[in-house]
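**Student:** Note that the working numbering numbers the sequence shown so that position 81 is 64, with each residue one more than the last. One structure coming up, written as structure tokens, with questions to follow.
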Amino acid sequence: MSTKSLAVFGHGRAGKKSIVGSLIYRCGLDLQKLGQLEIGTNRKISEIVPFFDQKGIAKAFYAPSAQFVVEDTATPDVAFWVVDASSPDQGAQLGPASLARHLAEGSVNPKEKLIILVNKIVRIVPIAALQGGNLIESPDGVSWTGGTLMEALG
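So, in structure tokens, the structure goes:
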């Protein structure tokens, strides 16, 4: 299995540590590290990254394609751009124009993939407005529907 670097970018309260901590907990903790984590006071997902940083343990997790090691670099193999959906002031700071500027300046320059993560979102309703798809009823034969807009409105 190959090893790839991963960098996580985003606003300070967007949930970057929680995302990485959750991935490590679910996809990367070996039994020895899990034991160290549970013996200490770190019982929350958000405390995994600070615990690893304090102990000098590499933040890594496994995905089907590779082992990912989280690094502080502008040129990782893969980058996450984390946006907090619950914070109205992040639109200007971390919107499309800001991302484009970071990409143009090279401060975010992934070699393979840039994945945008929207954290703290309550619900997504995919629709096809022109055809009315998923507004009132779910269309037949498509895989992208969740609940309809009417269901989301309650």
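C-beta: ideal position from N, C-alpha, C; glycine also. Here the structure is a predicted model, which means the values were calculated and not measured.
At the level of alpha carbons, what is the spacing between Phe51 and Asn117?
**Tutor:** Each residue's Cα considered, the two are about 36 Å apart.
**Student:** Among Ala(-10), Met133, Glu134, Leu132, which residue has its Cα nearest to the Cα of Asp60?
**Tutor:** The candidate whose alpha carbon is nearest that of Asp60 is Ala(-10).
**Student:** Among all the DSSP beta bridges, which residues are the ones paired with Ala43?
**Tutor:** Answer is Val52.
**Student:** So, Thr56 versus Asn92, is the Cβ gap smaller than 7 Å?
**Tutor:** Contact flag unset, no.
**Student:** What would DSSP say about Val125, mapped onto helix, strand or coil?
**Tutor:** In the structure shown, Val125 sits in coil (DSSP, three-state: anything other than H, G, I, E or B).
**Student:** Please classify Gly(-2): does DSSP put it in a helix, a strand, or coil?
**Tutor:** Coil.
**Student:** Across which residues does DSSP place Val101 in a beta bridge pair?
**Tutor:** Paired residues: Val66.
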